[in-house]
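J.: In order, the protein sequences belong to chains S and Z. Quick note on this note's numbering: the first sequence kicks off at 1 and runs consecutively. Quick note on this note's numbering: the second sequence kicks off at 1 and runs consecutively. Positions of the beta carbon are idealized from the N, C-alpha and C atoms, including for glycine.
Number of protein chains: 2
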Amino acid sequence: MPAPTTLGHVLLGLLHQQPRSGYDLRKVVVSTPMSLFSDSPGAIYPALRSLQKAGLIQVEQAARGGRRRSTFVPSARGRAAFVAWLRQPPSQDDITRLWPLLMLRLAFMDGLVAPADVTAFLARLQTGIDAHVVELEAFLAQHRALLPPAARLALESGIHDARGRSAWLTRARRQSSRSRRSPA
Amino acid sequence: MPAPTTLGHVLLGLLHQQPRSGYDLRKVVVSTPMSLFSDSPGAIYPALRSLQKAGLIQVEQAARGGRRRSTFVPSARGRAAFVAWLRQPPSQDDITRLWPLLMLRLAFMDGLVAPADVTAFLARLQTGIDAHVVELEAFLAQHRALLPPAARLALESGIHDARGRSAWLTRARRQSSRSRRSPA
DNA sequence: GATCACATGTAAGAAGTTACATGATTCT
DNA sequence: AGAATCATGTAACTTCTTACATGTGATC
């Protein structure tokens, strides 16, 4: 059984929050602002199948009442696999190209990884995003003369994005460590 | 012949900048900060084939010297198709989920669409991104109590991203209209 | 009793990734 | 001669999308 796909991991994460059926998962995926995926049944049901076959989730409750419906929960191995996914250090490529997915991982971390790991995650993101800023600015400096206006705007947008994320990270990290000292 | 895929359109755009071979395109895709795709030959060569079969690009120069190598240029129909792609008004879904692709489209607009169209494009982006901010903030307001800290951080990151993009757009639009009045 | 929301699934196809294969040319 | 780079291509596989199919329970 191959490692779960991105969608598989996300479904696994949602099942950690509460037991859900495939139908529930589809609804969450559309109603959530983090929607990276479509709600196509042709993606979700096969993904659930594969998680089940890999032993990462189990049917918690089948067909209560008359209506056919099964809700899933993560197994112990599923929890371990999911936590491992969360703790996986982001690559530079993840940071420059898959930021929304990293934010989704962050959103799942509560209660599953230690606060110190969240801190480390955010720190890694910042060094990565800062490196990206440097890279983009070097590119701009090198090509400034050749870049026509719209292309330059697009590049500047990328720089602005990355700078904004770095600024957000400094605040988020401060806030995160503060709340760790004085929890609610 | 089906409509070109996203990768197909990007390749078409790169060929508008200058004639290139498949190998050249691979190099550009990796060396460019806008790299949304991998440089896998298994993606690029078939995409070129399909563009060629659709009559959107032509071989400009084959095997000069001894080494086998063909460079491609867009045909008239290819140019029309690409411009149509650029001018296509972004959907709300594009704006919330495919921003980097929209920036790539922006980067290709110079010389292919009228400056007024660039302006319209940027204006559309701003109404879309502002709507997204409103949506995310509504979600936050509604779920603030239930959201554990990391999940809340992730959501706030999305809001911060979108706000930053809106701010960038106001400046970019001002700059764009100014440079249109007094071109270099 | 017709229609809608619930709930799950499959079939066909598109598109990309990885990995391998194949040669030519240049460099040392 | 051997190695690295140039340059193109294919085969197998994975995954998602679209579209359809199927049936149940609730609602009007």
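1) Name the chain S residues whose beta carbon is nearer than 9 angstroms to that of residue 135 of chain Z?
2) Just reading off the beta strand (DSSP E) that residue 71 of chain S is part of, what are its end residues?
3) Please list, in chain order, the chain S residues whose beta carbon lies closer than 9 angstroms to that of residue 106 of chain Z.
4) With 16 other CB atoms within 10 Å as the buried threshold, where does residue 157 of chain Z fall?
5) Which word fits residue 61 of chain S, buried or exposed, when buried means at least 16 other C-beta atoms lie within 10 angstroms of its C-beta?
6) Taking the Cβ atom as the reference point for each residue, do residue 25 of chain S and residue 154 of chain Z lie within a distance shorter than 9 angstroms?
7) Check residue 20 of chain S in the structure and name its three-state DSSP category.
8) Please confirm whether residue 33 of chain Z and residue 136 of chain S have their CB atoms less than 9 angstroms apart.
9) Tell me which residues of the segment 69 to 103 of chain S have at least one Cβ-Cβ distance to chain Z shorter than 7 angstroms, keeping chain order.
10) With a threshold of 8 angstroms, are at least 3 pairs of Cβ atoms found where one atom belongs to the segment 156 to 172 of chain S and the other to the segment 74 to 85 of chain Z?
11) Taking 9 angstroms as the threshold (C-beta atoms), are residue 10 of chain Z and residue 30 of chain Z in contact?
12) So if DSSP puts residue 159 of chain S in a beta bridge, which residue, or which two residues, is it bridged to?
13) With a cut-off of 9 angstroms, does the C-beta of residue 165 of chain Z fall near any C-beta of chain S?
14) Name, in chain order, the residues that DSSP records as bridge partners for residue 57 of chain S.
15) Taking the alpha-carbon positions, what's the residue 45 of chain Z to residue 12 of chain Z distance?
16) Among the candidates Z:142, Z:39, Z:127 and Z:150, whose CA atom is the shortest distance from the CA of residue 96 of chain Z?
17) Among residues of its own chain, excluding the 5 on either side of residue 118 of chain S, which ones have a beta-carbon nearer than 8 angstroms to its beta-carbon?
18) Does any C-beta atom of chain Z lie closer than 9 angstroms to the C-beta of residue 118 of chain S?
19) Just checking: is the beta-carbon of residue 40 of chain Z within a distance shorter than 9 angstroms of some beta-carbon in chain S?
20) Starting from residue 3 of chain S, follow the alpha helix (DSSP H) in both directions and report where the run begins and ends.
21) Counting only Cβ pairs nearer than 8 angstroms, list the residues of chain Z close to residue 172 of chain S.
22) In three-state terms, what does DSSP make of residue 33 of chain S?
23) Within this structure, are the beta carbons of residue 57 of chain Z and residue 37 of chain Z separated by less than 9 angstroms?
24) Using a Cβ-Cβ cut-off of 7 angstroms (strictly less than) and excluding sequence neighbours within five positions of residue 180 of chain S, which residues of its own chain qualify?
25) Taking Cβ positions only, does residue 175 of chain Z come closer than 9 angstroms to chain S?
26) Closest to residue 23 of chain S by C-alpha separation, out of S:55, S:42 and S:166, would be which residue?
27) DSSP three-state label for residue 150 of chain S, please.
28) With a 10 Å radius around its C-beta and 16 neighbouring C-beta atoms as the bar for buried, classify residue 1 of chain Z as buried or exposed.
29) Which runs of the alpha helix (DSSP H) at least 4 residues long sit entirely within the segment 80 to 153 of chain S? Give them in chain order.
30) If distances are taken between C-alpha atoms only, which option among S:161, S:8, S:19 and S:132 comes closest to residue 99 of chain Z?
31) Taking its Cβ as the centre, do 16 or more other Cβ atoms sit within 10 Å of residue 143 of chain Z, making it buried, or is it exposed?
32) Measuring CB to CB, does residue 8 of chain S end up less than 9 angstroms from residue 47 of chain S?
33) Assuming residue 59 of chain S contacts residue 87 of chain S under a Cβ cut-off of 8 angstroms, what Cβ separation, rounded to an integer in Å, is found between them?
34) At the level of alpha carbons, what is the spacing between residue 159 of chain S and residue 102 of chain S?
35) Report buried or exposed for residue 164 of chain Z, applying the criterion of at least 16 other Cβ atoms within 10 angstroms of its Cβ.
T.: Quick answer:
1) Your numbering for residue 135 of chain Z matches position 135 in the second sequence. The answer, in chain order, is 33.
2) Residue numbering aside, residue 71 of chain S sits at position 71 when the first sequence is read from its first letter. Counting along the chain, the beta strand (DSSP E) containing residue 71 of chain S begins and ends at 70 to 74.
3) For the purposes of this step, residue 106 of chain Z is identified with residue 106 of the second sequence, where counting begins at 1. Chain S residues near residue 106 of chain Z: 150, 151, 153, 154 and 157.
4) Here residue 157 of chain Z is taken as the residue at index 157 of the second sequence, counted from 1. Answer is buried; the Cβ neighbour count reaches 16.
5) Position 61 of the first sequence, counting from 1, holds the residue named residue 61 of chain S. Under this definition residue 61 of chain S is an exposed residue.
6) The residue you call residue 25 of chain S lines up with position 25 of the first sequence. The residue you call residue 154 of chain Z lines up with position 154 of the second sequence. No. Outside cutoff.
7) For the purposes of this step, residue 20 of chain S is taken as residue 20 along the first sequence, with counting starting at 1. The answer is strand: DSSP assigns residue 20 of chain S an E or B state.
8) As a first step, residue 33 of chain Z must be located in the second sequence, where it is residue number 33. As a first step, residue 136 of chain S must be located in the first sequence, where it is residue number 136. Yes, the pair counts as a contact, with Cβ atoms nearer than the cut-off.
9) 103
10) no
11) Residue mapping note: residue 30 of chain Z aligns to position 30 of the second sequence, counting from 1. Residue mapping note: residue 10 of chain Z aligns to position 10 of the second sequence, counting from 1. In this structure, residue 10 of chain Z does not lie closer than 9 angstroms to residue 30 of chain Z by Cβ.
12) One-based indexing of the first sequence puts residue 159 of chain S at position 159. In the DSSP output, where bridge partners are listed per residue, residue 159 of chain S has none listed.
13) The residue labelled residue 165 of chain Z in the question sits at position 165 within the second sequence. Residue 165 of chain Z counts as touching chain S.
14) The residue you call residue 57 of chain S lines up with position 57 of the first sequence. Beta-bridge pairing links residue 57 of chain S to S:74.
15) In the second sequence, counting from the first residue as 1, residue 45 of chain Z sits at position 45. In the second sequence, counting from the first residue as 1, residue 12 of chain Z sits at position 12. Taking the straight line joining both Cα atoms gives about 13 angstroms.
16) Residue numbering aside, residue 96 of chain Z sits at position 96 when the second sequence is read from its first letter. Checked all of Z:142, Z:39, Z:127 and Z:150; the closest Cα to residue 96 of chain Z is Z:127.
17) Locating residue 118 of chain S in the first sequence gives position 118, counting from the first residue. Closer than 8 angstroms at Cβ, skipping near neighbours: 106, 109 and 176.
18) Within the first sequence, numbered from 1, the residue matching residue 118 of chain S stands at position 118. For residue 118 of chain S, the answer is yes, since a Cβ of chain Z falls inside 9 angstroms of its Cβ.
19) Walking along the second sequence from the start, residue 40 of chain Z turns up at place 40. Output row for residue 40 of chain Z: interface = no.
20) What you label residue 3 of chain S is simply residue 3 of the first sequence in a count that begins at 1. Run containing residue 3 of chain S: none; DSSP gives neither H nor E here.
21) Within the first sequence, the letter at position 172 stands for residue 172 of chain S. Chain Z residues near residue 172 of chain S: 153, 156 and 157.
22) For the purposes of this step, residue 33 of chain S is taken as the residue at position 33 of the first sequence. Coil at residue 33 of chain S, not helix or strand.
23) Walking along the second sequence from the start, residue 57 of chain Z turns up at place 57. Walking along the second sequence from the start, residue 37 of chain Z turns up at place 37. No.
24) The count along the first sequence starts at 1 and reaches residue 180 of chain S at position 180. Closer than 7 angstroms at the Cβ level, and outside the excluded window around residue 180 of chain S, lie 115.
25) Counting from one through the second sequence, the residue named residue 175 of chain Z turns up at place 175. For residue 175 of chain Z, the answer is yes, since a Cβ of chain S falls inside 9 angstroms of its Cβ.
26) Within the first sequence, residue 23 of chain S is the residue found at index 23, counting from 1. That would be S:42, whose Cα lies nearest to the Cα of residue 23 of chain S.
27) One-based indexing of the first sequence puts residue 150 of chain S at position 150. In the structure shown, residue 150 of chain S sits in a helix (DSSP, three-state: H, G or I).
28) Taking the second sequence and counting its residues from 1, the one referred to as residue 1 of chain Z is at position 1. By the 10 Å Cβ count, residue 1 of chain Z comes out exposed.
29) 92 to 97, 99 to 108 and 115 to 143
30) Here residue 99 of chain Z refers to the residue found at position 99 when the second sequence is read from its first residue. Nearest of S:161, S:8, S:19 and S:132 to residue 99 of chain Z, Cα basis: S:161.
31) Taking the second sequence and counting its residues from 1, the one referred to as residue 143 of chain Z is at position 143. Exposed, by the Cβ-count rule.
32) The count along the first sequence starts at 1 and reaches residue 8 of chain S at position 8. The count along the first sequence starts at 1 and reaches residue 47 of chain S at position 47. Yes.
33) Against the first sequence, residue 59 of chain S aligns to sequence position 59. Against the first sequence, residue 87 of chain S aligns to sequence position 87. Not really, about 27 angstroms apart at Cβ, beyond 8 angstroms.
34) Mapped onto the first sequence, residue 159 of chain S falls at position 159. Mapped onto the first sequence, residue 102 of chain S falls at position 102. Straight-line Cα distance between these residues: approximately 19 angstroms.
35) The count along the second sequence starts at 1 and reaches residue 164 of chain Z at position 164. Buried, because 16 or more other Cβ atoms sit within 10 Å of the Cβ of residue 164 of chain Z.
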